Amino acid sequence: MKKPIVKKILIAVAILLVAALITSGVILILKNKNKLSDNEAEKILSELLPKAEKVNEIIWGEGLPVAEGQDGIIESVTGPQYRLVDSSCGYSNTEDIAKAVAEVYSTSYIENDLNKILFEGDTEDVRFMLYQRYKNNDDGNLIINIVQKENEYVGQNKIDPSTVKVTGVNFDEVYLSVEQTLFDGSTAEIKLTLVKEKSGWRLNDPTY
Numbered sequence: 322m323k324k325p326i327v328k329k330i331l332i333a334v335a336i337l338l339v340a341a342l343i344t345s346g347v348i349l350i351l352k353n354k355n356k357l358s359d360n361e362a363e364k365i366l367s368e369l370l371p372k373a374e375k376v377n378e379i380i381w382g383e384g385l386p387v388a389e390g391q392d393g394i395i396e397s398v399t400g401p402q403y404r405l406v407d408s409s410c411g412y413s414n415t416e417d418i419a420k421a422v423a424e425v426y427s428t429s430y431i432e433n434d435l436n437k438i439l440f441e442g443d444t445e446d447v448r449f450m451l452y453q454r455y456k457n458n459d460d461g462n463l464i465i466n467i468v469q470k471e472n473e474y475v476g477q478n479k480i481d482p483s484t485v486k487v488t489g490v491n492f493d494e495v496y497l498s499v500e501q502t503l504f505d506g507s508t509a510e511i512k513l514t515l516v517k518e519k520s521g522w523r524l525n526d527p528t529y
C-alpha cells in the first residue's frame, strides 16, 4: 500500500475518533446538565410534597367533599354513583383538578396513570371495572363518584425531604433515595424520580 493512501486512512481514522470523543462528551454533558445536589433535591421535595399530600387525597383518598342535601351511597345500585362536589372546596370542574395535579406530577405519570383514575376510567376488563372518579355534569359542574376509592389507600406515609440522596441523573430525570415514616413508626427507604419540565421539577412516582 502506498504511503499517501495509508496517511489518508490514518487521518480519516483520527477524524472519526475525535468526532466520537466530541459526541460522547456532548452526550455526557447533556445527561448531567440537570444534576442536583442533595440540598437542591431537598428544597424541591419540600415544595412538592405538601402539594402532593393534598392531591393524593383527591385522587386516592376520600376525595373532594360532596355538596349538602345529597344522597349517600345507595347499596342497591351497582356501578358508579355521582354526586355534586361542594363548590366551596376550591374545585369547580375537572380542569381545576388537572391543574393542581400538574403542579405536582410529571406529564408522563399523569397521562399514563393518573388521568385514567381521575377522568377516564377503564371498563374494558369486567373483573376490574374502573370508573372515572370525577367529571363535569351537563351544567359544567364537578361531580364525584362516591363509590370510587383506592382500597389500599389508608392515608399517607410521611416522606422526610431532609434524608434525600441523589443517586443518579439521566438527561431530564434525577433519581432519588429518601426515607419515609410508616404508620407503625418504622422507617423505610423509597426511590423517587424527579423530572425537569418546562414548568419546573415534577414527581414521576406515587408518594403515598
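At position 94 of the sequence shown (counting the first as 1) the number is 415 in my numbering, and the numbers step up by one without a gap.
Glycine is no exception: its CB is placed at the ideal position from the N, C-alpha and C atoms.
As the structure is a prediction and not an experimental result, all values here were calculated from the model.
Check	Outcome
Cβ separation of residue 415 and residue 457, assumed to be a contact under 8 Å, to the nearest whole Å	6 Å
Touch test, the stretch 476-485 against the stretch 419-431, Cβ-Cβ under 8 Å, three pairs minimum	no
Proximity to residue 493 [Cα-Cα], best of 524, 505, 412, 375	524
Local Cβ density within 10 Å of residue 385, reported as buried at 16 or more and exposed below that	buried
Spatial distance of residue 403 from residue 432 (CA atoms)	23 Å
Residue burial classification, residue 371 (beta-carbon count within 10 angstroms, cutoff 16)	exposed
Rounded C-alpha distance that separates residue 461 from residue 487	44 Å
Cβ-based burial, residue 503 [other Cβ within 10 Å; buried from 16]	exposed
Cross-strand partners of residue 412 (DSSP beta bridge)	Paired residues: none, contrary to the question.
Integer Cβ distance of residue 401 from residue 466, believed to fall under 8 Å	4 Å
Pick from 362, 454, 499, 394 that is closest to residue 418, judged by C-alpha positions	454
Minimum C-alpha distance to residue 399 - residue among 469, 527, 509	469
Residue 528, buried or exposed, once every other Cβ within 10 Å from all chains shown has been counted against 16	buried
CA-to-CA distance, residue 459 to residue 505, given in whole angstroms	45 Å
Three-state secondary structure assigned by DSSP to residue 371	helix
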